[in-house]
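Notes for the one structure printed next.
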Ligand SMILES: Nc1ncnc2c1ncn2[C@@H]1O[C@H](COP(=O)(O)OP(=O)(O)OP(=O)(O)O)[C@@H](O)[C@H]1O
Ligand SMILES: [Mg+2]
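Written out as structure tokens, the structure is:
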């Protein structure tokens, strides 16, 4: 059979595998907004006598780490070593976050418990496997000045022990101007990379980071160019790359995959494979976690993006905020190699 590209593709495939096998030696510090996802599961059998509303009889409560803590989750699941840096409140849900991190063996030295702060929790009430309502509790204000100082100190002291930093911004206030500047400067000084999953408000604070991974909506707002087609995508990517002076701007495009912009290079478009999609929440966390591990393992930005695209493709095919492990990722890459 004549398969002219097989040699090239095989080589690329095994290169991916080599990178993935190195994940266990990679250490990443995740700095950002820590959240907790709480699920209250139960059944409804009657209407309340107090008001015309159903009564939920609770069967169980489950918890998942969210926000920056979900990035840690993703790195952990891929076999990498992650530490977390951020704040939680001095409350029951803050303790829950600490407990879950402890159970996973995640380094918590950089997680500050701030009195008077409310831990960000998103509670979903689920009746008969159907979400009925979501209740959010949060503090979206900046941490106390003394907390920022402590976190900056931790960052500076520990940066050398990591291959790179991820800044995971969920607009809950942790990533202050001071902390971001400090992180980018400390990482630069130590020769470590900084990857940022941005939101809109702080977008231009991240100038000088190594890689920034906005989604299409964030890239459209930040560039002022609504991304609607290939030409607007290229213009927006080019503008953001210039303004943020980063090594790469990776625009994640949902089912359309990703676009990687690097100075003096043609943009790379990474396509997704057609697959059944169950839940896209948390795909952004998978992207940044996988890319950081791949860079730490010595992969190029482009290889890292392709790997992250595979990883996110697996996660969106699972129910809930899911993660992926090394074997699943290797298998999907082998499969995609076979189908070329
Ligand atoms: N429907 C889909 N099919 C295949 N892959 C997908 C799909 N949606 C997302 N992905 C993968 O996940 C990546 C990130 O998704 P997206 O661009 O939606 O990020 P996001 O909006 O930051 O996500 P979130 O904030 O929900 O975590 C995409 O670049 C792609 O690789
Ligand atoms: Mg996102």
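Numbering (this note's numbering), first residue to last: -7 to 332.
Yeah, the Cβ is synthetic: ideal placement off N, Cα and C, and Gly gets one too.
Here the structure is a predicted model, which means the values were calculated and not measured.
Contact between the stretch 176 to 183 and the stretch 209 to 221 is absent: fewer than 3 CB-CB pairs across the two stretches fall below 8 Å. In the DSSP annotation of this structure, residue 160 is not part of any alpha helix (DSSP H); the continuous beta strand (DSSP E) holding it starts and ends at 156 to 160.
In the three-state scheme derived from DSSP, where H, G and I count as helix and E and B as strand, residue 98 is classed as coil.
If you check the C-beta of residue 202 against ligand 1, you find no heavy atom less than 7 Å away.
Secondary structure at residue 110: coil, using DSSP grouped into helix, strand and coil.
In this structure, the alpha-carbon of residue 306 lies about 43 Å from that of residue 43. The beta carbons of residue 266 and residue 279 sit about 19 Å from each other, so the pair does not count as a contact at 8 Å. At least 8 Å separates the beta-carbon of residue 9 from that of residue 33. The beta-bridge partner set that DSSP reports for residue 118 consists of 33, 123. Between residue 132 and residue 163, the C-beta gap is smaller than 8 Å, which places the two residues in contact. Annotation: the continuous beta strand (DSSP E) that includes residue 75 extends over 73 to 81.
Residues 106 of the same chain have their beta carbon placed closer than 7 Å to that of residue 136, with the five preceding and five following residues left out of the count. Per DSSP, residue 25 lies in no beta strand (DSSP E) segment and is marked neither H nor E. Here the C-alpha atom of residue 208 lies approximately 36 Å from the C-alpha atom of residue 82.
Annotated three-state conformation of residue 59 is strand, per DSSP. A direct Cα-Cα distance of roughly 30 Å separates residue 49 from residue 94. Within the same chain, and ignoring the five residues on either side of residue 116 in sequence, the residues whose Cβ sits closer than 6 Å to its Cβ are 31, 123, 126. The three-state secondary structure of residue 307, taken from DSSP, is helix.
Residue pairing for residue 189: DSSP places it in a beta bridge opposite 160. The closest CA to that of residue 25, considering only 248, 141, 57, is found on 57. Contact between residue 79 and residue 61 does not hold, since the beta-carbon distance rounds to 12 Å and is not under 8 Å. Taken in chain order, the whole alpha helix (DSSP H) runs of length 4 or more contained in the stretch 229 to 279 number zero. Going by beta carbons, residue 186 and residue 157 fall inside the 8 Å limit. According to the DSSP assignment, residue 45 belongs to no alpha helix (DSSP H), since it is labelled neither H nor E.
The C-beta distance from residue 169 to residue 197 rounds to 6 Å, short enough to meet the 8 Å contact threshold. When DSSP reads this structure, residue 323 sits in no beta bridge, so it has no partner. Using a 10 angstroms sphere on the CB of residue 39, the tally of other CB atoms stays under 16, which defines it as exposed. Residue 317 is positioned such that its CB atom lies no closer than 8 Å to that of residue 138.
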